[in-house]
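Structure first, commentary second.
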Amino acid sequence: MQHTELSAVLDRLIWRWTASGTYSAQSCYLATFHGSTACYSWKLIWKC
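Each residue of the sequence shown is one higher than the last, beginning at 1 in the UniProt record's numbering.
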């Protein structure tokens with residue numbers, strides 16, 4: 001606690017999944033699948 005500095009600036013919530021830091025339902029949906037691999041096997045079923 002020796003180097004703790006207090007500030008009068010209000011805290012801010014920043015959504016890390018967008019460049020602007022703003023939350024949206026779309027960015028949440030995309031973040032849910034971030035890093036996952038796509039599986040297109042459903043195309044084989046519906047193609048028949």
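Beta carbons are placed, not taken as given, at the ideal position from N, Cα and C, and that holds for glycine.
Asked, Found
"So Ser27 and Thr18 are in contact, right, with Cβ under 8 Å, and what is the actual spacing, rounded?", "5 Å"
"Taking only three categories from DSSP, how would you classify Cys28?", "helix"
"Measure the C-alpha to C-alpha separation of Trp42 and Thr32 and round it to an integer number of angstroms.", "20 Å"
"Rounded to the nearest angstrom, what separates Ile14 and Ala25 at their Cα positions?", "15 Å"
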